[in-house]
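Chemist:
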Amino acid sequence: MEPPVMTSREITMPAWTFSALRDELGKISDKHSSTTLLQKVGYRSGISSSAVFKEGLNSAVLETMQSTFWTHLCDFFSCRGWGTLVVDSDHPGLGFLTSNDWAEAMTAEVDRNASCCFSTGFISGLLSEIVGSPVAVLEAKCRARGDRACEFAFG
């Protein structure tokens with residue numbers, strides 16, 4: 384039997400999947416290990432999702448019109464149920480993606496140690512693959528920790 388071929392096929396999962404993953408990984412490993420694992424899986428998923436992101440886009444238009452790029456990025460996440468993103472890219476070399484309804488932050492109760500590890504990796508992988516060089520992403524605020532919004536800094 385041959386291994387499956389990688390495609391840009393997508394599936395839909397409930398947002399609670401992230402909370403369940405965090406909880407179950409926390410039972411079998413320490414916080415640092417589970418955070419690292421989720422970030423790595425997110426990063427690889429983000430890289431593979433770049434093909435879907437680029438479908439039907441004119442790369443020359445995206446390179447010259449940042450507003451078109453950011454609108455497409457926000458739509459990419461919102462139409463897949465991740466949440467609504469607001470972009471702040473006014474600072475040279477540093478930007479912020481903020482969401483008041485980010486799916487990975489859904490949790491039954493506030494956890495001061497929670498974070499959107501998968502999303503951090505996913506956004507990093509997606510942006511890195513699109514621009515062709517590494518893009519670091521750090522979650523500065525998280526709704527699951529009790530903050531009003533999730534805020535991802537990137538650069």
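Okay, so the sequence shown: first residue is 384 according to this note's numbering, each after it adds one.
Cβ coordinates follow ideal geometry from the N, Cα and C atoms, glycine included.
For clarity, every value in this text was computed on a predicted model and none was experimentally measured.
With distances taken Cα to Cα, identify the nearest neighbour of residue 520 among 461, 500, 530.
Modeler: The candidate whose alpha carbon is nearest that of residue 520 is 500.
Chemist: At which residues does the alpha helix (DSSP H) containing residue 534 begin and terminate?
Modeler: Counting along the chain, residue 534 falls outside any alpha helix (DSSP H), though it belongs to the beta strand (DSSP E) covering 533–537.
Chemist: Can you find a C-beta in chain B that's less than 8 angstroms from the C-beta of residue 403?
Modeler: Here chain B cannot be found, since the structure has a single protein chain.
Chemist: Buried or exposed for residue 506, going by 16 or more other Cβ atoms inside 10 Å?
Modeler: The residue in question, residue 506, is buried, as its Cβ has 16 or more Cβ neighbours within 10 Å.
Chemist: Using alpha carbons as the reference points, say which of 497, 513, 515 lies closest to residue 409.
Modeler: Nearest of 497, 513, 515 to residue 409, Cα basis: 497.
Chemist: So residue 438 is in the alpha helix (DSSP H); what residue range does that whole segment cover?
Modeler: Note, residue 438: premise wrong, no alpha helix (DSSP H); not H, not E.
Chemist: Output the distance between the C-alpha atoms of residue 504 and residue 473, rounded to the nearest integer angstrom.
Modeler: Distance between the alpha carbons of residue 504 and residue 473: 23 angstroms.
Chemist: According to DSSP, what are the bridge partners of residue 524?
Modeler: 534, per the DSSP bridge assignment.
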